[in-house]
Amino acid sequence: MTTTGLDFGGRDMADAALALNQDQHALRGANGNRLEMAIGREVRAYRRKHGMTIIELARAAGLSLGMMSKIENGIISASLTTLHQLSRALAVPLSVLLKPSEKLRDAKFVKAGAAAERCGTRAGHRSLGYVVPDAAGVSVEPCLVTLTDDADRPVLSQHAGMKFIYILEGEMVWRHGAALYGMAPGDSLFFDAASPHGPDRLLKPRVRFLSVASCRPARKD
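Quick note on numbering: our numbering labels position 146 of the sequence shown as 156, and the sequence is numbered without any gaps.
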């Protein structure tokens, strides 16, 4: 039985049926990775531009039909070697397939005196931007923190990820787990945020520091 004008044989037809089934469920199986999905759309667009079937492209690139279907639907992350094979089969530079990733880079600009939501909702905390979780689930948030007396001190916090603080003004004692650090302007501390941490006490009535926190959600087994 021939459906495209080319007879690929029984095995190829079985593979085609498998690919069709995968295509139907691709969105449900995709991991939400914007980069992989953008590359997959680019590969599919050039394949169609050349009038190639998914089977023909898989053969030209030396890939299995199942692999080809997963790449086009953004279900897996293709290696550079695989992308190079696809670029040759499609007769386009490798950079063309990777170009969509340039549009996915996030950036946040905050004018002086302005504040985004999130950490800026807490007294003395002004958000300087927020990068949404990437493919690995990591989020990053910088904050400018101003404390005027001990009453402003937030309770100790802890979360998965890392944190960096840099003192701009004033002096304070910072707690990280059982350790205490006397900090003054120009001092910095980079630490594992899984341990309880936060200002232990202020040594001067006004303290300002930059806090940059990265957070990765806990794994769910």
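Think of the CB as a built atom: it goes at the ideal place given N, C-alpha and C, for glycine as much as any other residue.
By the DSSP assignment, the alpha helix (DSSP H) with residue i in it spans what residues?
{"i": "R58", "result": "R44 to K59"}
{"i": "L166", "result": "Element bounds for L166: n/a, residue is neither H nor E."}
{"i": "V106", "result": "L104 to L108"}
{"i": "A99", "result": "L90 to L100"}
Which residues in the same chain as residue i place their Cβ atom closer than 6 Å to its Cβ, once the five residues preceding and following it in sequence are excluded?
{"i": "S221", "result": "C153, V155 and I175"}
{"i": "G171", "result": "A203, S224, C225 and R226"}
{"i": "Q32", "result": "With a pLDDT of 43 at Q32, under the threshold of 50, the predicted position of this residue should be treated as unreliable, though the coordinate-derived value follows. S79."}
{"i": "G192", "result": "V183"}
May I ask which residues mark the beginning and end of the beta strand (DSSP E) holding residue i?
{"i": "H135", "result": "H135 to S137"}
{"i": "H207", "result": "H207 to L212"}
{"i": "S74", "result": "S74 -> no beta strand (DSSP E), and no H or E assigned at all."}
{"i": "S198", "result": "S198 to D202"}
Whose C-beta lies closer than 8 Å to the C-beta of residue i among residues of the same chain, with five residues either side of it excluded?
{"i": "S198", "result": "F174, I175, Y176 and I177"}
{"i": "L190", "result": "V183, W184 and D210"}
{"i": "V102", "result": "Y56"}
{"i": "A24", "result": "In this prediction, A24 scores a pLDDT of 44, lower than 50, which makes its location untrustworthy; the coordinate-derived value is nonetheless stated afterwards. If we look at A24 and ignore the five residues flanking it on each side, it has no Cβ neighbours."}
{"i": "Q95", "result": "A71, G72 and L73"}
Name the DSSP beta bridge partners of residue i, please?
{"i": "A189", "result": "H186"}
{"i": "A223", "result": "E151 and K173"}
{"i": "G218", "result": "One detail in the question is off: residue 218 reads as Arg in this sequence, not Gly. For R218, which the question treats as bridged, DSSP gives the partners T156 and E179."}
Alpha carbon to alpha carbon, what distance is there between residue j and residue i?
{"i": "R216", "j": "G134", "result": "11 Å"}
{"i": "V150", "j": "F200", "result": "14 Å"}
{"i": "A71", "j": "A99", "result": "5 Å"}
{"i": "L213", "j": "H186", "result": "17 Å"}
{"i": "R218", "j": "P164", "result": "14 Å"}
{"i": "D159", "j": "G196", "result": "20 Å"}
{"i": "I81", "j": "L138", "result": "36 Å"}
{"i": "I49", "j": "L107", "result": "6 Å"}
{"i": "R51", "j": "R69", "result": "19 Å"}
{"i": "G84", "j": "A194", "result": "48 Å"}
{"i": "L90", "j": "K121", "result": "39 Å"}
{"i": "A188", "j": "E181", "result": "19 Å"}
{"i": "R58", "j": "I64", "result": "9 Å"}
{"i": "A88", "j": "R136", "result": "40 Å"}
Judging by CA-CA distance, which residue of the options is the nearest neighbour of residue i?
{"i": "R44", "options": "M77, I86, I65 and L73", "result": "I86"}
{"i": "L157", "options": "E179, S167, M62 and S205", "result": "E179"}
{"i": "Q168", "options": "K59, P206 and R54", "result": "P206"}
Once the 5 residues before and after residue i are set aside, which same chain residues still bring their CB inside 7 Å of it?
{"i": "L104", "result": "L93, H94 and S97"}
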